[in-house]
Each structure stands twice: as structure tokens, then as C-alpha cells.
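Numbering-wise, our numbering puts 56 at position 76 of the sequence shown, and it's gapless, one number per residue.
Below: one structure, written as C-alpha cells.
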Amino acid sequence: MAEMDTSSSGGGHKKGPGVKKGKKMSTRVDLTPMVDLGFLLITFFIFTTTMSQPTAMKLFLPKDADKPDEQNKIKESGALTILLGGDNTVFYYEGELAPNGANFKSANYSNGDDGIRAVILRKKASTPEKDLMVVIKPSPQCTYKNVVDALDEMSINVIKRYALVDISPVEEQLVEKSEAAAATQSK
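As C-alpha cells, then:
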């Protein structure tokens, strides 16, 4: 009589002494390393997004005024104009420049009594805070480092109102003549 194979091996394979039994592989996948990797990626992206926040200097704009001509006017007694020349030279004047240049003075970047920091501190001490305005005017001969040093002085001395403005032709000529005179004196 014929026998019917009811084993679960399927596929027509017969059990017997010479046939090896096939191993059944587990179909379960261990996802533990994937969870660790996921947390590492989340941590990485959170950290990098907080590091990539844009940083910018705070910008204070003037308030709107009814008359635009009077919007940017400052008191002459509270104005300090700093002119940046070539070869690390600094010139300044308080108020409005005198026609004969009598109030045009020189300073340097040192921290001594003849340095620009001392000039700024004297002006700050003698002027009410709401009236104090420092105008920085770099000449074409001045270096980028000099401009950054002047802006650093504003930050160090806690000057809240300052402006970076183009130098006028009269001021530029005065700076050039002063530099030329200083160069001939040093020789």
C-alpha cells in the first residue's frame, strides 16, 4: 500500500537516515542597535541646529520723526568725531570742525592718557548719556583692523550711540596733511 507523507517539511523531501534536517532560521530582526543609532542622530541634529544659529550685531535705529531733516541731528556739545588715518593714526574733534582746524587733535590706539580710549572716556564723563554721539569716519588709507579697533572701543567703553560715516573731503585733506606733517617730524 502507498503511504502518505504528512510531515511538515513540505517540498517532497523525505525523512530518512541519510538526509540531514534543514535548520530553520529565525525571521526576527534585533532593532536595538537601530534605536541607539536613532538617538545618536537625534542628538547630533539637535546639537548642530543650536550651533548654527545666526549671530549678528545689535542694530539700533533712530526713532521716526515728524520732520526727516531733524531726525538725525545731534547736539554739537555731545558730538565726538573720530577720524581714522593710515599707519594706525587717529584724529578727533569735539562738536563741529572749526574752519581753521583749531579743535582738530591727534591720538593713538594705546590705553594711556593720549589714547583714543581716554578721549572717549573724558567725553563720556563730561556729556549726558542721551546727548553723547560718537561719529567714526575711516579714511581710504585706514585699514580694516583700525575700523574694528574703533568699533571695539565703542563696545569696551559702553558707548550706546555711534555711527560709521564716510569721511568728508575737507576732513580727508586735513588727515593727509596731519599725517604728512607727523612723518616729516619723525624723520
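Note that CB positions come from ideal geometry on N, CA and C, so glycine has one too.
If you draw a straight line from the Cα of G92 to the Cα of F27, it is about 44 Å long. Following the DSSP letters along the chain, one finds V127 in no beta strand (DSSP E) but inside the alpha helix (DSSP H) bounded by residues 124 to 136. Residue burial is scored here from C-beta neighbours: A78 has fewer than 16 other C-beta atoms within 10 angstroms and is therefore classed as exposed.
For A143, the enclosing beta strand (DSSP E) covers residues 142 to 144. Residue K85 holds the alpha-carbon nearest to the alpha-carbon of S158 among K110, K85, K117, A98. DSSP places S86 in the uninterrupted beta strand (DSSP E) bounded by 85 to 87. One Cα belongs to S106, the other to L21, and the distance between them is close to 57 Å. Closest option to V115, judged by alpha-carbon separation, among E152, N137, Y72: Y72. If you look at A59, you'll find it in the beta strand (DSSP E) that goes 59 to 64. Boundaries of the alpha helix (DSSP H) harbouring I96: 96 to 106, taken from the DSSP string. Within 10 angstroms of the beta-carbon of A82 lie fewer than 16 other beta-carbons, which makes it exposed. When the beta-carbon positions are compared, L63 and I147 come within less than 8 Å of each other.
V9 sits in coil when the DSSP states are folded into three classes, being neither helix nor strand. The three-state reading of DSSP puts E159 in helix, counting H, G and I together. In the three-state reduction of the DSSP assignment, I26 falls in the helix class, which pools H, G and I. Taking 8 Å as the cut-off, the beta carbon of N88 is found closer than this to the beta carbon of V70. Residue pairing for I116: DSSP places it in a beta bridge opposite I62, L144.
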